[in-house]
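Novice: One structure follows; several queries about it will come next.
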Amino acid sequence: MMQYPSSSSHRPEATAIGPSGRWWRAAALSVLLAGAPLAGAVDVVTERGYAGTTVDQQLVEAVLVRVNRLLSDTAIRLVPSWLSNGSSTVQGFPVYLVQSGLKGAETPAAVPFGCRCVFVNPFVLADWVKNNSKGSGRLDLDRGNFLTFVLLHEAGHLAKLTSAAVFENGEMSQLNVDPSKAKAAEEEADDFAAELLKRRARQAQVNDTSLDANWVVNELTKLSWNMQAFRSLDEFGAFAVGKPSVFFDNGYTHPNLAWRILRVNNLIQRTKETQYLLDAFDDARRRGTDPQPLYQRK
Ligand SMILES: [Zn+2]
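For the sequence shown, the numbering used here begins at 21 and goes up steadily by one.
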């Protein structure tokens, strides 16, 4: 049975670079693909008000092996910045582990404006997975499998030359972002991830790559289940009225994540059930734009 990083509900532990470091250096050196030259970690991260962190390095290294395997027939490769700093021969898009002292609008990962690179915030990732795993009827989510999907989405931004987020002073800024362009870029990046997962999950030859893809597809199904449970158990009544806090966007740059997950699931699976869940969500949103009282006195 394949072992994946566990879905610990605790905050991540700081980890040292493991024996896989040597493998990574060799792999990173052998990747000769179009990518921006690596910028200094200190500049890229600190100029946006973030600090680097060593938390979850091993988890992210393991995830990047799977992500690059899934991306192997594209021009995108992601390399851990902490294993390639100072090397001008490494080609690929660096992934930085970052943390912020602020509690602002946050996202587990993003391609920051002005850098062909990816920021991963392991603390936001851990909190996000923990929050979306708790509650009655919920399934335990796996940080590694969820992060694999998130990084395929970020690879979509790199492939389509769009950036997801403007970071200033240690938080995500909504300023200077055209909402409709940002939403189109998010959907395009989701399309990239969904198309790749669908192709890899159904490839004729069963191997590590097809298994990886199936694990991630399974994770997205779990996530849609958990989000449905949240809407119908924790927010009973929200579905009938299309309660805005449940069904509407919580930020300009990121279309409602629950809607995006349902959409990605449907793009991959194309079943009556996945289409129904997406349509039901859209219907609830429509009800939310035209609120009607649940009960009317005669
Ligand atoms: Zn995005």
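Beta carbons: idealized from backbone N, C-alpha and C, even for Gly.
(1) For residue 94, which residues from the same chain have a beta carbon less than 8 Å from its beta carbon, with the 5 sequence-adjacent residues on both sides left out?
(2) Report yes if the CB atom of residue 139 is closer than 8 Å to the CB atom of residue 118, and no otherwise.
(3) According to DSSP, simplified to helix, strand and coil, what is residue 236?
(4) Since residue 139 sits in a beta bridge, which residues does DSSP pair it with?
(5) Using only the heavy atoms of ligand 1, determine whether one of them is closer than 7 Å to the beta carbon of residue 207.
(6) In the DSSP assignment, what residue or residues form a beta bridge with residue 72?
(7) Reducing DSSP to helix, strand and coil, say where residue 83 ends up.
(8) Using a threshold of 8 Å, state whether the C-beta atoms of residue 90 and residue 115 are closer than that.
(9) Considering only DSSP beta bridges, list what residue 98 is partnered with.
(10) Return the CA-CA distance between residue 134 and residue 160, expressed in angstroms with no decimal places.
(11) Cβ of residue 214 within 8 Å of Cβ of residue 284?
(12) Nearest to residue 144 by alpha carbon, out of 87, 69, 127?
Specialist: Quick answer:
(1) Position 74 of the sequence shown holds residue 94. Result list for residue 94: 175, 179, 216, in chain order.
(2) The count along the sequence shown starts at 1 and reaches residue 139 at position 119. The count along the sequence shown starts at 1 and reaches residue 118 at position 98. For residue 139 and residue 118, yes; Cβs fall inside 8 Å.
(3) The sequence position of residue 236 within the sequence shown is 216, counting from 1. Note: residue 236 maps to helix in three-state DSSP.
(4) Sequence index remark: in the sequence shown, residue 139 carries index 119 (1-based). 116, 130, per the DSSP bridge assignment.
(5) Working through the sequence shown from its first residue, we reach residue 207 at position 187. Residue 207: no, Cβ never under 7 Å from ligand 1.
(6) Against the sequence shown, residue 72 aligns to sequence position 52. Residue 72 pairs with 118.
(7) Position 63 of the sequence shown, counted from the first residue, corresponds to residue 83. Note: residue 83 maps to helix in three-state DSSP.
(8) As a first step, residue 90 must be located in the sequence shown, where it is residue number 70. As a first step, residue 115 must be located in the sequence shown, where it is residue number 95. For residue 90 and residue 115, no; Cβs fall outside 8 Å.
(9) Along the sequence shown, read from residue 1 onward, the residue named residue 98 stands at position 78. Beta-bridge pairing links residue 98 to 113.
(10) Position 114 of the sequence shown, counting from 1, holds the residue named residue 134. Position 140 of the sequence shown, counting from 1, holds the residue named residue 160. Taking the straight line from one Cα to the other gives about 36 Å.
(11) In the sequence shown, residue 214 corresponds to position 194, counting from 1. In the sequence shown, residue 284 corresponds to position 264, counting from 1. Yes.
(12) Taking the first residue of the sequence shown as 1, we reach residue 144 at position 124. Measuring from the Cα of residue 144, the nearest candidate turns out to be 127.
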